[in-house]
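Those letters in the sequence shown? Residues 1 to 297, per the working numbering, in order.
The next block holds one structure in the form of structure tokens; read it before the comments.
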Amino acid sequence: MKQYSLLDLTTYKAVVEAGSFHLAADRLNTSTATVSRRISSLELALGTRLINRTTRNLSMTEAGEQYLDDVENILTNIECSEERLRDGASEIKGELRISAPLSFGIKCLSPILPDFLNKYPEININLNLDDGQTDLQAEGIDIGIRIAKNIKDSSIVATPIGSIEMGFYASPQYIKDNGKPNSIKELEAHNFLGYTLAPNNQQIPLSLNTHPKIRFKANNGEALRDAAVSGIGIVVLPLFIVDDEIKEGRLAKILENHNIESGTLYVIRLSSRFTPAKVRAMIDYLKTKFTDLNKIN
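Here's what the structure looks like:
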């Protein structure tokens, strides 16, 4: 077998991702000539062309596409091995970067994290709260929390750890002024509040052919809750966002006989053959806190 270096493989991956020798050289903090020489050396060692070069762009050959998968696996395995050595066999330490939806993070996640920190004094937590779907790889996130019906993404591992109760809610004043709907069909005569980050732009989770008027929309559940309390319209939200308002009489559940499919609480992480000890510890901890609850509210 002819010799080539790990640096050659890293350079090949960088060229493919960057789309040019020049940009790959910038990423690797080296010269374009060096990048070109490494690719040529790798192709010579393999006895095949990996990249088609033109004056305007680069493209992988069929062999290059097949080889890229192997290169990525090699580099991933090496990275995992290095991470195991850094972490030690079972040491739970280091910074743990977590992303979670804003409202869930404040009401449900933040209160339980101090207990984890006390249990593992060598761990530091960096919590990012955002209702958008954070790119775990781009932002260096170890663990993400998502609420969804299902997650179909081969690049991540999703572990379900609980269910999120959903319901229709409106303020007593709105019900007094507009009447209380007794069926889904009657919603067409009412004002609604829409969640703009819902999957497939389904701002109102109704499968029936019903199209109520959306008076107000937002990308955050607490903003929708406040609008509902002010009597702007009817809202569908997780119970944990509105439980205080219900107890205080500022919101009431309506359409009690119409069941909305519960959301599932997932812990997600990047798909990898090696899971750091700190990540395993947090996932296990979250399971003990949330799995035993039938509904998170």
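For every residue, glycine included, the Cβ atom is placed at its ideal position computed from N, Cα and C.
Since the model is a prediction, treat every value here as computed from it, not as a measurement.
What do you reckon, are the CB atoms on residue i and residue j nearer than 9 Å?
i, j, result
"leucine 255", "lysine 217", "no"
"serine 99", "asparagine 128", "yes"
"leucine 75", "leucine 9", "yes"
"glutamine 173", "glycine 231", "yes"
"asparagine 220", "serine 103", "yes"
"valine 35", "alanine 24", "yes"
"isoleucine 184", "histidine 258", "yes"
"proline 101", "isoleucine 147", "yes"
"tyrosine 67", "serine 41", "no"
"aspartate 168", "isoleucine 260", "A quick correction: the sequence has phenylalanine, not aspartate, at residue 168. Cβ atoms of phenylalanine 168 and isoleucine 260: closer than 9 Å."
For residue i, which residues from the same chain have a beta carbon less than 8 Å from its beta carbon, with the 5 sequence-adjacent residues on both sides left out?
i, result
"lysine 298", "Residue 298 is absent from the structure shown; the chain starts at 1 and stops at 297."
"valine 229", "Ser171, Glu245, Arg250, Leu251"
"serine 262", "Ser163, Ile164, Glu165, Met166, Lys295"
"serine 20", "Asn57, Leu58"
"threonine 61", "Thr48, Arg49, Leu50, Ile51, Asn52"
"isoleucine 78", "Leu6"
"glutamate 72", "Lys13"
"asparagine 201", "At asparagine 201 the pLDDT is 48, less than 50, meaning the model places this residue with poor confidence and gives no usable figure here."
Can you find a CB in chain B that lies within less than 9 Å of the CB of residue i?
i, result
"leucine 68", "Protein chain content of the structure displayed is limited to a single chain, and chain B is not contained in it."
Per DSSP, residue i is paired with what?
i, result
"isoleucine 98", "Leu127, Ile143"
"methionine 60", "Ile51"
"glycine 233", "Partner(s): none; glycine 233 has no beta bridge."
"alanine 148", "Thr264"
"glycine 167", "Leu237"
"arginine 269", "Val157"
"asparagine 77", "Partner(s): none; asparagine 77 has no beta bridge."
"leucine 197", "According to DSSP, which records beta bridges pairwise, leucine 197 is partnered with nothing at all."
"asparagine 191", "Lys213"
Please work out which residues of its chain come closer than 7 Å, Cβ to Cβ, to residue i, disregarding the five sequence neighbours upstream and downstream, and give them in chain order.
i, result
"valine 267", "Ile143, Ile145, Thr159, Ile161, Ile283, Leu286"
"asparagine 178", "His190"
"glycine 140", "Arg97"
"alanine 18", "Ala24, Arg27"
"leucine 117", "Ile123, Ile125"
"alanine 281", "Ile92, Tyr120"
"alanine 89", "Confidence at alanine 89 is low in this model, with a pLDDT of 48, below 50, so its placement is unreliable and the value that follows should be read with caution. Around alanine 89: no qualifying Cβ."
"glycine 64", "Leu50, Ile51"
"leucine 224", "Leu193, Tyr195, Ala218, Val235, Leu237"
"leucine 109", "Ala100, Ile145"
"glutamate 222", "Ser103, Ile241"
Mind checking which residues open and close the alpha helix (DSSP H) that includes residue i?
i, result
"glycine 221", "221 to 229"
"arginine 280", "277 to 290"
"glutamine 173", "172 to 178"
"alanine 24", "21 to 28"
"aspartate 115", "113 to 119"
"alanine 14", "6 to 18"
The beta strand (DSSP E) spanning residue i covers which residue range?
i, result
"alanine 158", "156 to 164"
"lysine 93", "Here lysine 93 belongs to no beta strand (DSSP E), and DSSP marks it neither H nor E."
"arginine 37", "No beta strand (DSSP E) contains arginine 37, which is instead part of the alpha helix (DSSP H) from 32 to 46."
"alanine 218", "213 to 218"
"valine 252", "According to the sequence provided, residue 252 is alanine. The question's valine does not apply to it. Counting along the chain, the beta strand (DSSP E) containing alanine 252 begins and ends at 252 to 254."
Can you list, in chain order, the residues of its chain with a C-beta nearer than 6 Å to that of residue i? Leave out the 5 residues immediately preceding and following it.
i, result
"aspartate 130", "none"
"lysine 107", "Phe240"
"histidine 22", "Thr32"
"alanine 227", "Leu193, Phe216"
"leucine 28", "Ala14"
"valine 157", "Arg269, Ser271"
"glutamate 43", "Arg49, Leu50"
"threonine 275", "none"
"isoleucine 214", "Phe192, Gly194"
"isoleucine 175", "none"
### Query
So does the stretch 123 to 137 actually touch the stretch 242 to 254, counting three or more Cβ pairs closer than 8 Å?
Because the criterion of three Cβ pairs below 8 Å is not met, the stretch 123 to 137 and the stretch 242 to 254 do not touch.
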